[in-house]
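Chemist: Residue numbers (this note's numbering): -9 to 49. C-beta atoms are modelled at their ideal positions from N, C-alpha and C, and glycine is treated no differently. A quick note: this is a predicted structure, and the numbers were derived from the prediction, not measured.
1) So the candidates are 20, 10, 17, 23; which of them puts its Cα closest to the Cα of residue 38?
2) For residue 41, report the span of its alpha helix (DSSP H) as first-last.
3) Measuring CA to CA, which of -2, -6, -5, 4 is closest to residue 48?
4) On the criterion of 16 or more Cβ atoms from any shown chain inside 10 Å, does residue 13 qualify as buried, or is it exposed?
5) Rounded to whole angstroms, what's the CA-CA distance from residue 81 to residue 16? Just pull it up for me.
6) From the DSSP secondary-structure annotation, give me the bridge partner or partners of residue 13.
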């Protein structure tokens, strides 16, 4: 994915009306474990919902 595509993806994701099972917006992570737990949960949810990816966006 090139930089232009990445910017477009992030713009599309932030246009979502709210977080979902496969998209989360977070700030101030406290530990690598918390990040890992979030990524795992997003990945599992994306799989269940037949989404190719889950997204964790730091705001």
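Modeler: According to the structure data:
1) Start at 1 with the first residue of the chain shown, and residue 38 comes out as number 48. In terms of Cα proximity to residue 38, the closest of 20, 10, 17, 23 is 10.
2) Position 51 of the chain shown, counted from the first residue, corresponds to residue 41. Counting along the chain, no alpha helix (DSSP H) covers residue 41, and no H or E run does either.
3) As a working note, residue 48 is residue 58 in the chain shown. Ranking the options by Cα distance to residue 48, first place goes to 4.
4) As a working mapping, residue 13 is identified with position 23 in the chain shown. Around the beta carbon of residue 13, a 10 Å sphere encloses 16 or more other beta carbons of the protein chains shown; the residue is thus reported as buried.
5) Residue 81 falls outside the range modelled here, since the chain spans only -9 to 49, and no answer is possible.
6) Your numbering for residue 13 matches position 23 in the chain shown. In the DSSP output, where bridge partners are listed per residue, residue 13 has 10, 45.
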